[in-house]
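From first to last, the protein sequence lines stand for chains A and B. Throughout the first sequence, residue numbering follows numbering that gives the first Met the number 0, covering 0 to 345 in sequence. Throughout the second sequence, residue numbering follows numbering that gives the first Met the number 0, covering 0 to 223 in sequence. Just so it is clear, CB atoms sit at the ideal spot from N, CA and C, and this is done for glycine as well.
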Amino acid sequence: MRVALLLAVSFLFGLGPLEAQIRPEELLARAVAMSDAGEPERTVELLRQLLNGLPAGAAPPLRREAHLRLAMTSWSLGLLDSAAVHFQAVVRADPFLRLDPDDYNPELLTAFDAARRTVIAVGVRPSLDTLVDARTGRWQVAVAVSQPGQVRVRLAPATGSGGGPETRPVVLAVESNAIASFAVADSDGLAPGTYRLLVDYSAPAGTAASGLSFEVAQATTDSLAHEPPPADSLFRLEFRWGPRSRGPLLRGVGVGVGAVAIPLLLGHHQLRTGSTTTRALFVGATVSIAGIAAHFLGRPKQLLPENIEYNRALRSAWEERNGSIIATNAARRTTPMLRVHVVPEP
Amino acid sequence: MSRAALYVAALGAGFLSPVVVRAQESRRIEVSVHAIAGSARSRVFFADTLEAIGGGWFGGTVAVKAGRFTGSITGFRGTLSPIVNTSFERVAGQVDAAVRFEPRSWLGFQATYSVRAFRSASLYQRWTMLGTGVRFSGPLVDSTVRVYLSASYLPFVSARVEASAQHGLGADAGVSATLALWTLALNYHFERYDFAGGASARLEEFDWLGLQVAYRIPWPPRQR
């Protein structure tokens with residue numbers, strides 16, 4: 000997995016060729032394969048070859064991974080000084096790196112920590128691209144150091160960006176990791192523009208600095224999409240066909256007979272004509288046939304209240320979720336947001 | 000209608016209004032429009048002679064159903080041609096106003112007010128009728144196909160004819176099929192009228208057979 004990630008990252012960063020035929024990622028993959036095959040000497044050889052040939056602009060994760068593997072393999076061969084050097088390179092490349100005690104030999108962990116204490120390194124890791132409430136939001140930055148010390152974090156407008164004044168520094172006493180947060184509110188926060196995040200680290204053994212550039216911009220409202228209605232397959236049948244009953248037959252024939260009887264019962268015999276009886280007979284026959292057809296062709300529906308209630312609950316839950324989305328969107332539309340995203344170093 | 004009857008009706012409406020308002024709470028209103036095409040017959044027995052006219056009978060209804068109540072206005076018009084013992088063609092028209100209350104799905108009580116007029120070159124007749132009745136209906140298989148039968152009594156009948164009208168009797172029977180918002184119905188309607196002096200004075204009947212198409216408009220529209 001890690002190798003695959005490295006391959007992808009390296010591809011994206013466009014590494015130059017290490018050797019004429021072998022790319023750095025392939026070389027790292029070979030080294031890993033050698034390590035897994037129990038060939039530490041060959042592994043060391045390949046990793047050294049890899050690190051010696053890496054260009055200056057190579058992907059930091061690839062370099063860090065190569066140093067880490069070389070350190071661990073050297074340590075397993077008893078090359079402790081070489082291991083310490085490469086552990087130090089790992090810490091300089093990524094001060095956030097911690098080795099999981101469940102995955103590594105305690106003595107190797109001790110060696111790593113010892114190497115860490117000999118290096119002065121500071122790392123900063125912000126959210127690469129995030130939205131922050133312009134009124135109340137805070138932009139957070141994670142800081143990692145190699146030794147306990149004091150970290151001073153501040154934001155300064157990039158040269159020529161037209162941003163606001165430099166912010167008051169956030170000063171942190173850091174053991175190994177810490178979070179610094181900056182208000183982006185209008186009163187003392189960040190106006191849209193490009194900034195530099197400056198990190199100064201001072202420990203008893205020395206000082207270090209780090210930094211990065213980021214941009215603050217007005218963000219357009221990002222509304223949530225409405226949830227589609229539940230799929231038909233989720234709904235249950237709300238009725239089933241019941242057994243045939245004589246009710247429709249009796250109703251149909253009864254009303255049909257009633258229709259025929261209307262002129263016979265209500266009419267004056269002096270006014271009785273064939274056409275009147277025929278018309279009543281036509282309606283009566285139609286109604287009766289409908290009743291007979293209903294009896295033989297149709298079966299009554301029997302409602303299933305539990306399923307009806309289940310379907311209603313399903314629909315209600317969906318409507319409730321969409322209502323929540325609508326409310327959220329309405330709130331978002333009234334909330335000014337700032338987009339804070341890290342930009343490449345100039 | 001006598002003044003006392005009007006007072007009784009107003010008093011009854013006043014007492015019933017709270018019940019009606021409670022029954023109507025949170026109920027939907029449905030408006031429906033109907034088109035009716037049919038055939039009407041009018042028969043008169045007068046001076047020992049049976050006269051009959053008949054012809055096309057076309058009309059429309061606008062009905063508003065609010066909960067258990069339905070109010071409707073219906074208009075008809077047709078040209079009734081001579082059939083027996085008369086040579087006069089008559090243009091007939093009718094307007095009905097009806098209110099129906101259905102305490103149960105199978106039972107309804109209705110009151111109607113109707114005005115019907117016949118006009119020919121030498122004749123003009125105007126009928127005014129007030130009726131009340133009961134209607135029974137029931138489903139065939141399910142509620143999409145229903146049959147119904149109703150009977151009504153017309154205690155107040157006023158007609159500008161040679162004899163004095165006393166009262167009338169009416170009946171309806173039919174079947175209706177509903178598909179979504181559309182309803183198709185076949186209906187037979189019959190009315191007879193009695194006059195002072197009985198058969199020797201005058202007898203009269205009016206009936207029509209009609210095919211009815213209705214479109215139901217739910218109001219307010221359903222919310223999703």
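Pair within 7 angstroms by beta-carbon distance, residue i and residue j
i	j	result
B/THR60	B/THR69	no
A/TYR103	A/GLY148	no
A/VAL254	B/VAL133	no
B/ALA158	B/TRP181	no
B/ARG40	B/GLY58	no
A/GLU344	A/SER212	yes
A/LEU223	A/ILE119	no
B/LEU210	B/TYR187	no
A/LEU236	A/ASN310	no
B/GLY137	B/SER151	no
B/MET128	B/VAL90	no
B/ALA97	B/SER71	yes
A/VAL144	A/ARG115	no
B/ALA184	B/GLY173	yes
A/ALA358	B/VAL140	Since the first residue shown for chain A is 0 and the last is 345, residue 358 of chain A is missing from the structure and cannot be characterised.
A/GLN373	A/ALA88	Past the boundaries of the shown model lies residue 373 of chain A; chain A is included only from 0 to 345, so the question cannot be answered.
B/ASN84	B/THR111	no
B/PHE224	B/TRP56	This structure does not reach residue 224 of chain B, given that chain B is present from 0 up to 223, and the question cannot be answered.
B/ARG201	B/ALA162	yes
B/TYR192	B/ALA213	no
B/ALA62	B/GLY92	no
Beta-carbon proximity list for residue i, same chain, < 8 angstroms, skipping 5 on both sides
i	result
A/ARG47	LEU69
A/LEU249	GLY290
A/LEU49	LEU17, PRO23, LEU26, LEU27, ALA30 and ALA65
B/LEU178	THR143
A/THR206	ILE119, ASP199 and TYR200
A/ASP128	ARG338, VAL339, HIS340 and VAL341
B/ALA120	PHE87
Residues near residue i by beta carbon distance below 7 angstroms, same chain, minus five either side
i	result
A/VAL198	VAL121, VAL123, VAL142, VAL150, VAL152, ALA208, SER209 and GLY210
A/ALA92	PRO59, ARG62, ARG63 and HIS66
A/TRP74	ALA82, LEU107 and ALA110
A/GLY15	Confidence at A/GLY15 is low in this model, with a pLDDT of 42, below 50, so the placement of that residue should be treated as unreliable; the coordinate-derived value is given next. Same-chain partners within the cutoff: PRO54.
A/THR277	none
A/LEU233	LEU313
A/PRO228	TRP317
Sequence-distant residues of the same chain with beta carbon closer than 6 angstroms to residue i, five excluded per side
i	result
A/ILE178	GLN139 and ALA141
B/LYS64	GLU29
A/ARG243	ARG298
A/ALA30	THR42, LEU45 and LEU46
A/THR220	ARG331 and ARG332
B/GLU190	GLY167, GLY169 and PHE205
B/ARG99	THR69, GLY107 and GLN109
A/THR166	ARG153 and LEU154
A/ARG338	LEU130, ALA216 and ALA218
B/PRO217	GLU29
Residue i: first and last residue of the uninterrupted beta strand (DSSP E) it sits in
i	result
B/ASN186	181-194
B/PRO81	68-83
B/THR48	48-65
A/ASP99	Taken as a continuous stretch (DSSP letters only), A/ASP99 belongs to no beta strand (DSSP E), as it is neither H nor E.
A/GLY241	Neither: A/GLY241 is in no beta strand (DSSP E) and is coded neither H nor E.
B/ASP171	164-178
A/ASP346	Residue numbering for chain A in the displayed model covers 0 to 345; residue 346 of chain A lies beyond these limits and cannot be assessed.
A/LEU352	Limits of chain A in this structure are 0 at one end and 345 at the other, which puts residue 352 of chain A out of reach.
A/LEU189	That residue, A/LEU189, is in no beta strand (DSSP E); it is neither H nor E in DSSP.
Strand pairing of residue i, partner residues [DSSP]
i	result
B/ALA8	Paired residue(s): none; B/ALA8 is not in a bridge.
A/ASN104	Answer by DSSP bridge pairing: none, since A/ASN104 is not bridged.
A/TYR309	A/TYR309 is not bridged to any residue.
A/ASP221	According to DSSP, which records beta bridges pairwise, A/ASP221 is partnered with nothing at all.
B/PHE45	B/THR48
A/HIS340	A/ASP128 and A/GLU214
B/PRO217	B/GLU29
B/GLY209	B/GLY37 and B/ASN186
A/ALA207	A/TYR200
A/GLN301	A/ARG239
B/ALA91	B/GLY77 and B/PHE117
B/ALA150	B/VAL133 and B/ALA170
B/SER157	B/THR127
Where the alpha helix (DSSP H) through residue i begins and ends
i	result
A/HIS85	79-92
A/GLN48	39-52
A/LEU27	23-35
A/PHE295	273-296
A/ARG250	246-265
Length-filtered (3 minimum) beta strand (DSSP E) runs lying within the segment 96-146 of chain B: 106-118 and 123-139
As an exercise, report each continuous beta strand (DSSP E) stretch of at least 3 residues that is fully enclosed by the segment 126-180 of chain A, in chain order. List check, beta strand (DSSP E) in window: 128-132, 137-144, 148-156 and 169-173.
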